[in-house]
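K.L.:
This structure is in structure tokens; I'll ask about it shortly.
Numbering (the numbering used here), first residue to last: 444 to 775.
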């Protein structure tokens, strides 16, 4: 069998680590900085072993000071380096919001394009490991609201392995959301995953009955739901947004023109969410392609509970997607 079609089974965590290792191998200007990323190997073991491989000049442990080390990364990027900053969870990133919003997102625009800021900030994100409300939220919409940032969501193992490479080539700051509930999840991917485009949504399954738009941990749930729906004759098209800012609206508008029905699925709270933006754009630009109102499945609007069964109930699950699609198709 040729190398180009060989596949391996790999965890989401290992795919992220391989992407990091390749970035460090390819460019001496790349370095990783964050709390416990070195000797401890990262809070979620994503960088385990990289300190021994690349040394303390490129794998840097930092004090518990998000504003401090994110700001240092922004400064390093402006000086010509290519820093990868790891923020342990999206919740802690709020402590560095001034650096991200007031500095990283604005400097290129305020300098008339004279200053570039190619910093990549990785954040653990999402729900599903009983970490409680202060360690498990889905706040992608916060960052997707901010002009000047590129916001990426890693919903598949292929993207976990390949998305970082092009993120590092962006002259603008990039926020990368990685999902802690998927770290131990195994999938089969090709051994020769190349750099993954960071400006395009991806149609992961084609269909004609309905378009399901999602991102992050919704991706595999929606694919599983689409497989189940196919057994009863409902062919659903599944789109992984991947880039939350700027949105690749052409991909989902083209799909709406084909299927005429849309369900948007996300873990984030419904109010002022990614699904709100998607729904509004479809209503503005594809209203006459619709045979039914756009529907949304989002997180329940409560702080995420610790209890496992309540945590599961707080976000859309596969059965919720299947049942909602059946109701939409059958006009229940």
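Built from N, CA and C at the ideal position, the CB exists for glycine as well.
(1) Just how far apart, CA to CA, sit residue 535 and residue 675?
(2) Kindly indicate which three-state DSSP category residue 445 falls into: helix, strand or coil?
(3) Spell out the partners DSSP gives residue 622 in its beta bridges.
(4) Rounded to the nearest angstrom, what separates residue 444 and residue 472 at their Cα positions?
(5) In the DSSP assignment, the beta strand (DSSP E) including residue 453 goes from what residue to what residue?
(6) Cutting at 7 Å between CB atoms, please list the residues of its own chain near residue 762, excluding the five before and the five after it.
(7) Assuming residue 481 and residue 504 form a contact by the criterion Cβ under 8 Å, report the distance between their Cβ atoms to the nearest whole angstrom.
(8) May I ask you to list the residues that DSSP assigns as paired with residue 476?
(9) Taking only the alpha-carbon atoms, compute the straight-line gap between residue 563 and residue 773 and give it to the nearest angstrom.
(10) I need the DSSP call for residue 682, collapsed to helix, strand or coil.
(11) With a threshold of 8 Å, are at least 3 pairs of Cβ atoms found where one atom belongs to the region 546–564 and the other to the region 491–499?
(12) Would the region 453–472 count as touching the region 605–613 if we require 3 or more Cβ pairs under 8 Å?
(13) Skipping 5 residues on each side, what residues in its chain have a beta carbon closer than 6 Å to that of residue 513?
(14) Under three-state DSSP, which class holds residue 596?
(15) Of all Cβ atoms in chain D, is any one closer than 7 Å to the Cβ of residue 616?
P.N.:
According to the data block:
(1) Along the chain shown, read from residue 1 onward, the residue named residue 535 stands at position 92. Along the chain shown, read from residue 1 onward, the residue named residue 675 stands at position 232. Approximately 44 Å between the Cα atoms of the pair.
(2) The residue given as residue 445 occupies position 2 in the chain shown. The predicted model places residue 445 with a pLDDT of 49, which falls under 50 and marks its position as unreliable; any figure quoted below should be read in that light. The answer is coil: DSSP assigns residue 445 none of H, G, I, E or B.
(3) As a working mapping, residue 622 is identified with position 179 in the chain shown. Residue 622 pairs with 568.
(4) As a first step, residue 444 must be located in the chain shown, where it is residue number 1. As a first step, residue 472 must be located in the chain shown, where it is residue number 29. With a pLDDT of only 46 at residue 444, under the threshold of 50, the placement of this residue in the model should not be trusted; the figure read from the coordinates follows. In a straight line, the C-alpha of residue 444 is about 36 Å away from that of residue 472.
(5) Translated into positions along the chain shown, residue 453 becomes position 10. First-last of the beta strand (DSSP E) with residue 453: 450–454.
(6) In the chain shown, the residue the question calls residue 762 occupies position 319. None.
(7) Reading the chain shown from its first residue, position 38 is the one you call residue 481. Reading the chain shown from its first residue, position 61 is the one you call residue 504. Rounded, the Cβ-Cβ distance is 4 Å, consistent with contact.
(8) Walking along the chain shown from the start, residue 476 turns up at place 33. Beta-bridge pairing links residue 476 to 503, 528.
(9) Counting from 1 along the chain shown, the entry for residue 563 is found at position 120. Counting from 1 along the chain shown, the entry for residue 773 is found at position 330. Near 45 Å, if we compare the C-alpha coordinates of residue 773 and residue 563.
(10) The residue you call residue 682 lines up with position 239 of the chain shown. Strand.
(11) no
(12) yes
(13) Walking along the chain shown from the start, residue 513 turns up at place 70. Only 528, 539, 542 meet the Cβ criterion.
(14) By 1-based counting over the chain shown, the position of residue 596 is 153. Residue 596: strand per DSSP, three-state reduction.
(15) The chain inventory of the structure shown lacks chain D, comprising one protein chain alone.
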